[in-house]
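Sequence order for the protein chains is A and B. Everything in the first sequence is counted per this note's numbering, starting at 1 for the first residue and increasing by one. Everything in the second sequence is counted per this note's numbering, starting at 1001 for the first residue and increasing by one. The C-beta atom is built at its ideal place from N, Cα and C for all residues, glycine as well. A short write-up of the structure that comes next.
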Amino acid sequence: MSIEKFMRNAVTGWMASHGEHSDIVMSTRIRLARNLTGYHFPIVFTEKEAMAIDRAVSGVLLDSGQNGYSYLKMSDMPVLERQVFVEKHLISPQLTEPDRHGAVILSEDEMVSVMVNEEDHIRIQCIYPGLQFEEAYKQANLVDDYLEKSLPYAFDEDFGYLTSCPSNTGTGMRASVMMHLPALAITKQIDRIIPAISRLGMVVRGSYGEGSEASGNVFQVSNQTTLGKTEKEILVDLGNITARLIGHERKSREVLLAKSRIVLENRIFRSLGTIVYARLLPSGEAARCLSDVRLGIDLGIIKDIDMSILNELMIFMQPGFLQQFAGTELSEEERDIFRAKLFRERLDVETASSSTEKETEE
Amino acid sequence: MNCENCNKQPATVIITQESVGETAERHLCEKCAFQTQTFHFDLNQEPLSIQQFLSHWFGGADPFFTQQQTRENPLQGPECPSCGLTFQKFLDIGKFGCAACYEAFRDKLPHVLRKLHNGHSIHVGKIPVSFNELYAVKKKIEEIRIKMKDAVEAERFEEAAALRDEVNILKQSIAHGGEESHVD
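So this is what it looks like as structure tokens:
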């Protein structure tokens, strides 16, 4: 398969670089956790219960005729394909655990995904490009309303939506933004900001959630609490934090540019050189270089590369995608070779004018 | 109020200890609260997971109480009638087994939830439409009952009888929904 075709098939709705502040905010995600009454939660439920929940939820959504939903059962999907779904943030790794009988119902544009039998019976997830809290919540809320019309939700007057984990009880909502904060990272300010934000009931972590490292200076900021505040209040608070982080990041970029332009340019162009010419590209190095190049594009230092390429490459550089692109399982070194090849070809496709790359290729 | 243990730091953690027929509360500073609990850190699991958090803050045995507890009250607290989860087990694993657990542990939950949600334990967000309707009917029944009582007291028995019929119809209409809102 040609790289262009592969990419075209693999790009998903939220990877487009539009939406507000899309140079800094890569995507906005809303997740609602819901459970049905009358069935145990997935942590202890029987296979029979799992099947009944699966039928009920998928039945409602597939019959709706909305959003071009398709249904995918985890046990029917090849391992590699499941990994690709995880890397695209369409499903969580937990959904793939075999005793959960997990499934996902995915909208045609892949911006709505409803996970069945993850930690909770239902996890509604909407991912939008850029900073779009309101739009993403509106969409998630619509899906929630639609499901609720036909399914008996577990809800309590005092505790709200009842979830398997007490950290989701109440609204069951986790709202998050994926932010690229290279200047805050370079200037080490992020180390002071993270603990400060956590005191406000918000969490900052790496892009793949709990415990993951911030690879490529991409940070996920989300609400930590789900009780005592309405959905709207949570979104407003998170929006304020996000706005302040954007402001800080922009200011730090200006300062970096004013005070050490040549050092910054050196770093950015070296990284560009690496991703354009490298023959072995380990994932850590790839993420770091992509972050630098992206910063270079944002600051107008690099001019002939489109920003959305970087959103895509950030996702496609991961093991699942690489192996799917290769069409076979790859060892770690083979992956590094393939990653370098993917980057060269992708950047070459885009900057077709630069003939230098072709000359180096035998 | 200062920590009961070291009497130096302000007490920010309340640990509730259960024994037969009585509960004791201990007010401790964060440092002492951690130290009084047996506690092994899995270095691979940082940051603190929700399970660790719950079991360390609420579940861990206190040396002063352990003996007494294991002897007199091995079950330690309520048990969910639907899935069999005990409150102690809930603290250990950090997960509910089903929606009925919330009902079974209702009295103890606000304390746990407040720690996780910045001092909050009451939901103020979205309410499902169906639940809203049920709630509205329940409220209406209450209103009619009050009217009915007034009617009886004023010896307007015909009116009271009509109101009673009205209540019965409303009760029937929510009978299905009412059952569904409880697990098993």
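Proximity test, Cβ basis, 8 Å: residue i and chain B
i, result
"Ile408 of chain A", "Residue coverage of chain A in this structure runs from 1 to 362, which leaves residue 408 of chain A outside it and unanswerable."
"Cys365 of chain A", "As displayed, chain A neither begins before 1 nor continues past 362, which places residue 365 of chain A out of reach and without an answer."
"His21 of chain A", "no"
"Asn35 of chain A", "yes"
"Tyr153 of chain A", "yes"
"Glu386 of chain A", "Outside the displayed span of chain A (1 to 362) sits residue 386 of chain A, for which this structure offers no information."
"Gly373 of chain A", "Absent from the structure is residue 373 of chain A, since the part of chain A shown begins at 1 and ends at 362."
"His40 of chain A", "yes"
"Asp99 of chain A", "no"
"Asp304 of chain A", "no"
"Gly102 of chain A", "no"
"Asp156 of chain A", "yes"
"Gly201 of chain A", "yes"
"Glu345 of chain A", "no"
"Glu265 of chain A", "no"
"Glu334 of chain A", "no"
"Glu249 of chain A", "no"
"Glu148 of chain A", "yes"
Bounding residues of the beta strand (DSSP E) (the contiguous stretch that carries residue i)
i, result
"Phe1131 of chain B", "Per DSSP, Phe1131 of chain B belongs to no beta strand (DSSP E); it is in the alpha helix (DSSP H), 1129-1153."
"Tyr137 of chain A", "Unbroken run through Tyr137 of chain A is the alpha helix (DSSP H), 133-150; no beta strand (DSSP E)."
Residue(s) in a DSSP beta bridge with residue i
i, result
"Leu330 of chain A", "In the DSSP output, where bridge partners are listed per residue, Leu330 of chain A has none listed."
"Tyr128 of chain A", "A:Thr28"
"Met115 of chain A", "A:Val104, A:Arg123"
"Gln220 of chain A", "A:Met178, A:Arg205"
"Asn1118 of chain B", "In the DSSP output, where bridge partners are listed per residue, Asn1118 of chain B has none listed."
"Arg34 of chain A", "A:Ile122"
"Asn1002 of chain B", "B:Pro1010"
"Phe155 of chain A", "A:Tyr161"
"Gly170 of chain A", "A:Tyr161"
"Glu1079 of chain B", "B:Thr1086"
"Glu20 of chain A", "A:Leu131"
Residue span of the alpha helix (DSSP H) that contains residue i, given as start and end
i, result
"Phe316 of chain A", "307-316"
"Ile275 of chain A", "231-277"
"Arg199 of chain A", "Counting along the chain, Arg199 of chain A falls outside any alpha helix (DSSP H), and DSSP gives it neither H nor E."
"Leu299 of chain A", "Careful: Leu299 of chain A lies outside any alpha helix (DSSP H) and carries neither H nor E."
"Ser58 of chain A", "47-64"
"Lys73 of chain A", "Per DSSP, Lys73 of chain A belongs to no alpha helix (DSSP H); it is in the beta strand (DSSP E), 70-73."
"Tyr1102 of chain B", "1099-1104"
"Gln83 of chain A", "79-87"
"Gln1088 of chain B", "1087-1093"
Min CB distance residue i to chain A below 8 Å
i, result
"Ile1174 of chain B", "no"
"Ala1104 of chain B", "no"
"Gly1077 of chain B", "no"
"Lys1089 of chain B", "no"
"Cys1083 of chain B", "yes"
"Glu1072 of chain B", "Any reading at Glu1072 of chain B needs caution, since the residue's pLDDT is 41, under 50, leaving its predicted position unreliable; the model's value is listed next. No, because no Cβ of chain A sits closer than 8 Å to the Cβ of Glu1072 of chain B."
"Lys1171 of chain B", "no"
"Lys1095 of chain B", "yes"
"Cys1098 of chain B", "yes"
Expected contact under 8 Å - CB spacing of residue i and residue j to nearest Å
i, j, result
"Arg1125 of chain B", "Glu20 of chain A", "The question names Arg, yet the displayed sequence has Gly at residue 1125 of chain B. Wrong, their Cβ atoms sit about 25 Å apart, outside the cutoff."
"Arg34 of chain A", "Asp120 of chain A", "6 Å"
"Val218 of chain A", "His248 of chain A", "Not really, about 16 Å apart at Cβ, beyond 8 Å."
"Val221 of chain A", "Ile241 of chain A", "6 Å"
(message) What are the residues in the stretch 1109-1121 of chain B lying within 9 Å of chain A by C-beta distance?
(response) Leu1109, Pro1110, Val1112, Leu1113, Arg1114, Leu1116, His1117, Asn1118, Gly1119, His1120, Ser1121
Which residues, in order along the stretch 43-65 of chain A, keep a beta-carbon less than 7 Å from a beta-carbon of chain B? Ile43, Val44
> Given a limit of 8 Å on CB to CB distance, which residues of the stretch 162-193 of chain A reach chain B?
Replying inline: Leu162, Thr163, Ser164, Cys165, Pro166, Ser167, Thr169, Gly170, Thr171, Met173
Checklist entry - Listed in chain order, which residues of the stretch 221-234 of chain A have Cβ atoms closer than 9 Å to some Cβ of chain B? => result In summary, the residues of the stretch 221-234 of chain A whose CB is separated from some CB of chain B by less than 9 Å are Gln224, Thr225, Thr226, Leu227, Gly228, Lys229, Thr230, Glu231, Lys232, Glu233, Ile234, in the order they occur in the chain.
Margin query: To be precise: take each residue of the stretch 1121-1154 of chain B, compare its Cβ to all Cβ atoms of chain A, and keep it if any distance is under 9 Å. Which residues remain?
Written below: Ser1121, Ile1122, His1123, Val1124, Gly1125, Lys1126, Ile1127, Pro1128, Val1129, Ser1130, Phe1131, Tyr1135
Task: Chain-ordered residues of the stretch 129-146 of chain A with a beta carbon less than 9 Å from chain B - done: Listed in sequence order: Asn141, Asp144, Asp145.
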